[in-house]
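Numbering (my numbering), first residue to last: 11 to 128.
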């Protein structure tokens, strides 16, 4: 699993998308193993940095983890979900790259805000 995480961390890796898809499936089957190996961190990084190809799959995987009370224990309070919100609240970074990150974060947060009641 750590080999998958290592390959998924590099944007120039030709098998990156395959590794991320595998990590998403593994997170559904065994969230504890995925979190312990750093897979959740990589998936959150993909959402923030903006790989539009896989952001939907990663968002749905994270929604699945958040939707089940037994899986919520694997998310670190104050760290994991806040990664998605931080580009929206960080007003010190300017430029086109910052605007792109804000756009990717708003696209990634949309499923979370529209799926939960209340």
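From the three backbone atoms N, C-alpha and C, an ideal C-beta is built for every residue, glycine too.
Hey, out of 27, 52 and 39, whose CA is closest to residue 12's CA? Counted from its first residue, the chain shown places residue 12 at position 2. Ranking 27, 52 and 39 by Cα distance to residue 12 puts 52 first.
Helix, strand or coil for residue 128? Go by DSSP, reduced to three states. Against the chain shown, residue 128 aligns to sequence position 118. Unreliable positioning characterises residue 128 in this predicted model, as indicated by a pLDDT of 37, which lies under 50. The coordinate reading is nonetheless provided below. Of the three classes helix, strand and coil, the one that applies to residue 128 here is coil, per DSSP.
Using 8 Å as the threshold, is the region 115-123 in touch with the region 87-101, meaning 3 or more CB pairs across them? yes
If contact is defined by three or more beta carbon pairs under 8 Å, each pair taking one atom from either stretch, is the region 81-93 in contact with the region 39-52? yes
Label residue 124 either buried or exposed according to how many other C-beta atoms from any shown protein chain fall within 10 Å of its C-beta, with 16 as the threshold for buried. Stepping through the chain shown from its first residue, residue 124 is reached at position 114. By the neighbour-count rule (16 or more Cβ atoms within 10 Å), residue 124 is not buried but exposed.
Counting along the chain, where does the alpha helix (DSSP H) carrying residue 97 start and finish? For the purposes of this step, residue 97 is taken as the residue at position 87 of the chain shown. Run containing residue 97: 92-99, per the alpha helix (DSSP H) assignment.
Can the beta-carbon of residue 18 be found less than 9 Å from the beta-carbon of residue 33? The sequence position of residue 18 within the chain shown is 8, counting from 1. The sequence position of residue 33 within the chain shown is 23, counting from 1. Contact: yes.
Nearest neighbour of residue 65, chosen from 89, 26, 77 and 101 [CA to CA]: Counting from 1 along the chain shown, the entry for residue 65 is found at position 55. It is 26 whose Cα lies nearest to the Cα of residue 65.
Under 9 Å between the Cβ atoms of residue 57 and residue 112? Position 47 of the chain shown, counted from the first residue, corresponds to residue 57. Position 102 of the chain shown, counted from the first residue, corresponds to residue 112. Not in contact: residue 57 and residue 112 (Cβ atoms no closer than 9 Å).
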